[in-house]
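Below: the structure, in structure tokens.
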Amino acid sequence: MYIKNPTVSIIMATYNRAHLIRETLHSIQNQTYKKFECIILDDGGSDNTRDILSPFLSDKRFLYYKRTKNYKKGLSGCRNFGLDKASGDYISFCDDDDIMHPQNLEICTEILKNSCVDFINFAKIPFSDGLPKIFDNYSIDALEKYPIGYEDLHKVLSNERPLASCTVMWKQKSLKDRFNENLQYAEELEFYSRLLMKGFHGVGIKNILYYARKHTRSNTGEFRKGNKLRLHSNIEASKLIIDNLVENKLFSSVFIKHFGWESVRLNSKELLHHLLQKNDISSYQKLKVWLRYKLRSIIKMWIRLKKQFK
Numbered sequence: 013m014y015i016k017n018p019t020v021s022i023i024m025a026t027y028n029r030a031h032l033i034r035e036t037l038h039s040i041q042n043q044t045y046k047k048f049e050c051i052i053l054d055d056g057g058s059d060n061t062r063d064i065l066s067p068f069l070s071d072k073r074f075l076y077y078k079r080t081k082n083y084k085k086g087l088s089g090c091r092n093f094g095l096d097k098a099s100g101d102y103i104s105f106c107d108d109d110d111i112m113h114p115q116n117l118e119i120c121t122e123i124l125k126n127s128c129v130d131f132i133n134f135a136k137i138p139f140s141d142g143l144p145k146i147f148d149n150y151s152i153d154a155l156e157k158y159p160i161g162y163e164d165l166h167k168v169l170s171n172e173r174p175l176a177s178c179t180v181m182w183k184q185k186s187l188k189d190r191f192n193e194n195l196q197y198a199e200e201l202e203f204y205s206r207l208l209m210k211g212f213h214g215v216g217i218k219n220i221l222y223y224a225r226k227h228t229r230s231n232t233g234e235f236r237k238g239n240k241l242r243l244h245s246n247i248e249a250s251k252l253i254i255d256n257l258v259e260n261k262l263f264s265s266v267f268i269k270h271f272g273w274e275s276v277r278l279n280s281k282e283l284l285h286h287l288l289q290k291n292d293i294s295s296y297q298k299l300k301v302w303l304r305y306k307l308r309s310i311i312k313m314w315i316r317l318k319k320q321f322k
């Protein structure tokens, strides 16, 4: 199939996923909305991904590129490469090991086309073995929508209202910014929070349109196992978000408390010091943040015990 002017550009970075990417691409090929391009960016893998892709590339909607030296290695560099290649009015990201609901593009394009917003956010659920069970067809007219803007930033940062990289479709005209290519984890949190601070706003729906595969070789899996590269990137992303909040005069007590807890969660003296250096924090707030960090071992033990006896 050939689409002259695709409405949606799906951007997919890939790295040594020959054993999983076929299922992902099938879920894209089976979308009810057909006017898309899928831009696949190879991050320098060494497996036979290119061979697996060969049957899909006969469908001219699927485009394959190897990351050039103009972009840094990693998800951020590949996604920026894809953004520069994209020709669609709308931008969607898909990881190379996940599954898209067949109505994903249909629902998102319909809502964006008829709304004065910059993006739509939808729900995802995890799966591990085999393929996920796909929920029944959704009626677009029956979808319940809620607004998302900078006033919801705390909920985004605390994951109460998660904006994962692959659970958002954007209008391309709203994506003039690019991912920070120095980040190797939490890059989407820094990117999306930066856009919210600039005043971009969207709508959310609670319907599940994405299925995220859980395994130890994913970036999240590596982070949870204590990978130092991913941990360092999470800390750097948090520092950048703090700086952006200060610059945009949005650094309120709710964010001071949030990043104080982040320094505890990440066990990061570096993040703690970065937070305490900000002039926007009162002496009393600094004392509370510092004490919480110093007592982190006791606090974590108390939280674990509280969960056990719930």
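Read in order, the letters of the sequence shown correspond to residues 13 to 322 in the numbering used here. All C-beta atoms, glycine included, are put in the ideal place defined by N, C-alpha and C.
Assumed close pair residue i, residue j - CB separation to whole angstroms, cut-off 8 Å
i: Val168; j: Leu221; result: About 18 Å separates the two Cβ atoms, so there is no contact after all.
i: Lys84; j: Glu193; result: 4 Å
i: Leu287; j: Ala249; result: In fact, because the Cβ distance is near 14 Å, the residues do not count as touching under 8 Å.
i: Val180; j: Asn133; result: 5 Å
i: Ile51; j: Gly94; result: 5 Å
i: Lys47; j: Thr19; result: 4 Å
Whole-angstrom distance between residue j and residue i, CA atom to CA atom
i: Phe74; j: Thr232; result: 27 Å
i: Ala198; j: Ile64; result: 29 Å
i: Leu283; j: Ile247; result: 6 Å
i: Leu37; j: Ser264; result: 43 Å
i: Tyr305; j: Ser170; result: 18 Å
i: Lys237; j: Tyr102; result: 35 Å
i: Asn82; j: Tyr162; result: 32 Å
i: Val266; j: His166; result: 7 Å
i: Asp109; j: Tyr27; result: 10 Å
i: Glu35; j: Ile111; result: 7 Å
i: Leu317; j: Ile311; result: 10 Å
i: Lys145; j: Leu32; result: 17 Å
i: Trp302; j: Leu124; result: 44 Å
i: Ile23; j: Asp59; result: 20 Å
i: Arg229; j: Gly100; result: 31 Å
i: Asn291; j: Ala176; result: 31 Å
Neighbour-count burial assignment, residue i, 16 or more Cβ in a 10 Å radius
i: Gln43; result: buried
i: Arg225; result: buried
i: Trp182; result: buried
i: Cys128; result: exposed
i: His270; result: buried
i: Pro138; result: exposed
i: Glu274; result: buried
i: Asp153; result: exposed
i: Phe212; result: buried
Closer than 8 Å to chain C by CB, residue i
i: Leu283; result: Protein chain content of the structure displayed is limited to a single chain, and chain C is not contained in it.
Taking 8 Å as the threshold, find out whether the stretch 49–65 comes into contact with the stretch 253–270 through three or more Cβ pairs.
no
Unbroken alpha helix (DSSP H) runs of length 4 or more, entirely within the stretch 238–280: which are they?
240–259 and 265–277
Secondary structure, beta strand (DSSP E): runs of 3+ residues fully inside the stretch 185–225
214–225
Can you check the stretch 16–81 for any beta strand (DSSP E) of at least 3 residues that lies completely inside it and give the ranges in chain order?
20–26, 48–54 and 74–78
Mind listing, in chain order, the continuous beta strand (DSSP E) runs of no fewer than 3 residues lying wholly within the stretch 118–168?
131–139 and 157–160
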